[in-house]
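Trainee: Below is one structure. I have some questions about it.
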Amino acid sequence: MEQDYITSARELSRTDIETVLDRARAIAADPGAYADRHADALLGLLFFEPSTRTKMSFSAAIKRLGGDIVDMGPVDASSVTKGETLADTVRVIEGYADALVLRHPSEGSAAMASEFVDVPLINGGDGAGQHPTQTLLDLYTMRENAGLDGITVGVMGDLKYGRTVHSLAHALTNFDVRQRFISPESLRLPRKVRYDLDDEGVDLEEHAELSAVLDSLDVLYVTRIQKERFPDEREYRAVAGEYQVDAATLEAAEELTLMHPLPRVDEIAADVDETDHARYFEQAHNGVPVRMALLDILLGGTR
Ligand code: NCD
95 MEQDYITSAR ELSRTDIETV LDRARAIAAD PGAYADRHAD ALLGLLFFEP
145 STRTKMSFSA AIKRLGGDIV DMGPVDASSV TKGETLADTV RVIEGYADAL
195 VLRHPSEGSA AMASEFVDVP LINGGDGAGQ HPTQTLLDLY TMRENAGLDG
245 ITVGVMGDLK YGRTVHSLAH ALTNFDVRQR FISPESLRLP RKVRYDLDDE
295 GVDLEEHAEL SAVLDSLDVL YVTRIQKERF PDEREYRAVA GEYQVDAATL
345 EAAEELTLMH PLPRVDEIAA DVDETDHARY FEQAHNGVPV RMALLDILLG
395 GTR
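Residue numbering for the sequence shown follows the working numbering, beginning at 95 and increasing consecutively.
Structure representation (structure tokens):
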């Protein structure tokens, strides 16, 4: 991997992705072999927005490599409340840690912050922008369950504000994957993402109904409507609950792998959980070996 920051999935080449995924597979097969790899490493956590999976799996990952975390903690208990800028905050915390993970409500914040620090900086989600490490674990899960070439992936839900969608769509352009997008008109893919995909020559369709493409899908990636990003609550209520999947929806789709970055609200009914389609908890668990692999590479592990 050439760069030592991970701010957008657009920067990841096929080789970068395969290097991380292969390392993650080796780690998952023999985690004990990596237990002391980064015994002195400290990972700085700067989370300006709520997080369960990203924060906890990064913590688990660095600890399973023998290292530890230094955590800024909740924003309202930090000097951010005194008016400190993000640029100053990251410049201070880089002196306490060997790598940083930043989650922030502003799109572009991770790219901006990476210019102020010399240690590796990882974007853990920047507003409605990108979430590249979620994409790496999504790709890992997809590769294990459906393979990554010659497949058709449907992405459904909030394609406008969903940063996991934007990262995934970009990363999939490295593979022979047909992309099908299913959403209400008001939440379709941002045009800048759509035009990027067109420039890459992606076989792409946008639909309002899942039934239009369900038969053709190998993977269906469902996302939550990102309530917190809507400027107007009424707009949210107009689309909330529109795109739901239950076991009956999937009855005819025999081989379909169903994924979701989580948290889910009501997009996937509980009766899907026990079916062979459901891969979302496995997907969340894959966050640990994948983030171990990424940290190992960024912190200088050779193999
Ligand atoms: C996602 C996020 O924060 O973008 N969560 C996650 O990291 N798995 C998805 C979401 O919040 O809907």
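Built from N, CA and C at the ideal position, the CB exists for glycine as well.
#1: Please state if the CB of G223 and the CB of R257 are separated by a distance shorter than 8 Å.
#2: State the Cα-Cα distance for the pair A135 and G189, rounded to the nearest angstrom.
#3: Return the CA-CA distance between G167 and A342, expressed in angstroms with no decimal places.
#4: Rounded C-beta distance between Q273 and L291? I'm assuming under 8 Å.
#5: So who's on the other strand from E299, going by DSSP bridges?
#6: Taking A204 and L233 to be in contact with their CB atoms under 8 Å, please state how far apart those CB atoms are, rounded to whole angstroms.
#7: Report the three-state DSSP secondary structure of I319 (helix, strand or coil).
#8: What is the rounded straight-line gap between the Cα of K149 and the Cα of V316?
#9: In angstroms, rounded to a whole number, what distance separates the CA positions of A129 and V307?
#10: Return the Cβ separation of E279 and A302 in integer angstroms, given the expectation that the two are a contact with Cβ distance under 8 Å.
#11: With L140 and T183 assumed to form a contact (beta carbons below 8 Å), what rounded beta-carbon distance in angstroms separates them?
#12: Report yes if the C-beta of P226 is less than 7 Å from at least one heavy atom of the ligand NCD; otherwise report no.
#13: When we look at the beta-carbon of T109 and count the other beta-carbons within 10 Å, is it buried (16 or more) or exposed?
Mentor: According to the structure shown:
#1: yes
#2: 13 Å
#3: 43 Å
#4: 7 Å
#5: R274
#6: In fact, because the Cβ distance is near 19 Å, the residues do not count as touching under 8 Å.
#7: coil
#8: 21 Å
#9: 44 Å
#10: 7 Å
#11: 7 Å
#12: no
#13: exposed
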